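A short write-up of the structure that comes next.
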Amino acid sequence: MAVLFASGHCIACKRFIPCFNPHHVPSLVVLGLREPLCESCFHRWNEIHRTRKGQKPIPLHPQAYQPAEEV
Numbered sequence: 013m014a015v016l017f018a019s020g021h022c023i024a025c026k027r028f029i030p031c032f033n034p035h036h037v038p039s040l041v042v043l044g045l046r047e048p049l050c051e052s053c054f055h056r057w058n059e060i061h062r063t064r065k066g067q068k069p070i071p072l073h074p075q076a077y078q079p080a081e082e083v
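Take the sequence shown: its letters are residues 13 to 83, numbered as in this note's numbering.
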């Protein structure tokens with residue numbers, strides 16, 4: 013079994029994300045590419061685009077910032 017993780021910068025605040033699961037990290041599509049969001053920016057996005065409009069927030073996947081197990 014192998015472990016896969018990615019690291020990069022949050023597309024919104026540019027903060028470095030040391031480890032995220034590329035399959036489950038919240039992201040925004042920019043110029044056709046999925047770009048990761050840090051947890052703080054994800055919660056802020058939920059507040060602006062969901063909660064304030066009376067909608068339920070999108071839940072954060074529990075493995076979003078964990079390595080992915082690959083077979």
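Every residue gets a Cβ at the ideal spot worked out from N, C-alpha and C, and that includes glycine. Only a predicted model underlies this, so the values are computations on that prediction, with no experimental measurement involved.
{"query": "Limits of the unbroken beta strand (DSSP E) element including C31", "result": "28 to 32"}
{"query": "Distance between beta carbons of Y77 and F28, contact taken as under 8 Å", "result": "Between Y77 and F28 the Cβ distance is about 12 Å, and since that is not below 8 Å, they are no contact."}
{"query": "C-alpha distance - V42 paired with M13, whole-angstrom precision", "result": "32 Å"}
{"query": "Residues bridged to E82 [DSSP beta-bridge criterion]", "result": "A14"}
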